[in-house]
Ligand code: CNA
């Protein structure tokens, strides 16, 4: 139900104030929103960082414009650029980051309500965050199907194709096979739509490593209650952060900011241990 709060929930707008709130007993449900910036330290490039981002490095794929590599209509005509990229990004090659382990720690402490992620790298699951807490808003590489007849395609065969940078084709109708990641021009999965009302239960929202430019995902940040503290952990300021009285902006690398926060929480050693175990 609706919670009653005073307009000033935090006693400061920095990591120590945040730590005091998290351990106060008043903060029971933490919601997270993740983007590609959470996984860059694992070695997976994000989309939009200048110089290192994928969009800055797609010239070799001969695309009309960078976003085309993830557009469904472009894929129907030419799936090769996507599979060239998929070969590099395929899950299995990468280890979860300390930021992922911090989220696991929140789950261990029964503080994690929902982890909404735009990432398709499955590092949340690999870090041991319980599956029922994760909403993969843009899908993942876990399954794949024919874009024409929608029949599922074999996992092992998919893996073989991707690792060789080859385009898999449907054994039934010959259509191109695409992993169940959401391309521009496609609907988001029902799991995402169904989880949106959960935002209203949040006592704290933490947004990490995203440019907040992809909608509808980005709009989740505005769906927590007006006095629910919101934290942005990112290299740059994004979205409308700063417009609410309980907005905390912690600029920097996710892993470094999260380590500072863990220190303020007294969870420093526990965090390092959780990370070593992954
Ligand atoms: P984006 O638009 O590339 O933005 C990334 C944001 O993270 C930027 O604001 C960066 O400044 C910031 N950033 C980069 N590195 C760090 C860091 N170490 N610490 C803190 N901040 C950092 O990516 P979004 O996720 O916002 O865009 C949504 C797209 C990207 C989704 O559809 C994803 O599927 C897609 N994507 C996912 C992956 C992945 O699964 N790892 C990789 C690349 C793109």
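Residue numbers (the UniProt record's numbering): 7 to 284.
We put the CB at the ideal spot given by N, CA and C, even for glycine.
Please identify the residue among the options whose C-alpha is closest to the C-alpha of residue i.
i: residue 161; options: 252, 54, 279, 96; result: 96
i: residue 100; options: 84, 128, 88; result: 128
i: residue 207; options: 252, 36, 24; result: 36
i: residue 222; options: 202, 232, 178; result: 202
i: residue 135; options: 115, 268, 192, 151; result: 115
i: residue 190; options: 79, 121, 62, 51; result: 79
i: residue 256; options: 150, 19, 108; result: 19
i: residue 196; options: 250, 145, 107; result: 145
i: residue 123; options: 281, 43, 62, 158; result: 43
i: residue 1; options: 169, 164, 179, 149; result: Here the chain comprises residues numbered 7 to 284, so residue 1 is not present and cannot be evaluated.
i: residue 153; options: 13, 82, 112, 38; result: 82
i: residue 140; options: 126, 149, 150, 103; result: 126
i: residue 33; options: 209, 194, 185, 272; result: 209
i: residue 271; options: 214, 15, 228, 22; result: 22
Say the cut is 6 angstroms; is the CB of residue i nearer than that to a heavy atom of the ligand CNA?
i: residue 241; result: yes
i: residue 259; result: yes
i: residue 42; result: yes
i: residue 107; result: no
i: residue 45; result: yes
i: residue 220; result: yes
i: residue 101; result: no
i: residue 216; result: yes
i: residue 55; result: yes
i: residue 150; result: no
i: residue 52; result: yes
i: residue 63; result: no
i: residue 119; result: no
i: residue 124; result: yes
i: residue 167; result: no
i: residue 127; result: yes
Going by the DSSP bridge assignment, what does residue i pair with across the sheet?
i: residue 114; result: Residue 114 pairs with nothing; no bridge assigned.
i: residue 214; result: 40, 239
i: residue 275; result: Answer by DSSP bridge pairing: none, since residue 275 is not bridged.
i: residue 77; result: 190
i: residue 253; result: 236
i: residue 120; result: 37
i: residue 259; result: In DSSP, residue 259 forms no bridge with anything.
i: residue 56; result: Note: residue 56 sits in no beta bridge, so no partner.
State the CB to CB distance for the pair residue i and residue j, rounded to an integer number of angstroms; the pair is presumed to be in contact (CB under 8 angstroms).
i: residue 110; j: residue 143; result: Residue 110 to residue 143, Cβ: 19 angstroms. No contact.
i: residue 40; j: residue 121; result: 7 angstroms
i: residue 171; j: residue 89; result: 6 angstroms
i: residue 47; j: residue 281; result: Contact flag wrong, Cβ pair sits at about 11 angstroms.
i: residue 103; j: residue 13; result: So it is not a contact: roughly 34 angstroms between Cβ atoms.
i: residue 248; j: residue 224; result: Not quite, the Cβ-Cβ distance comes to about 16 angstroms (not below 8 angstroms), so this is no contact.
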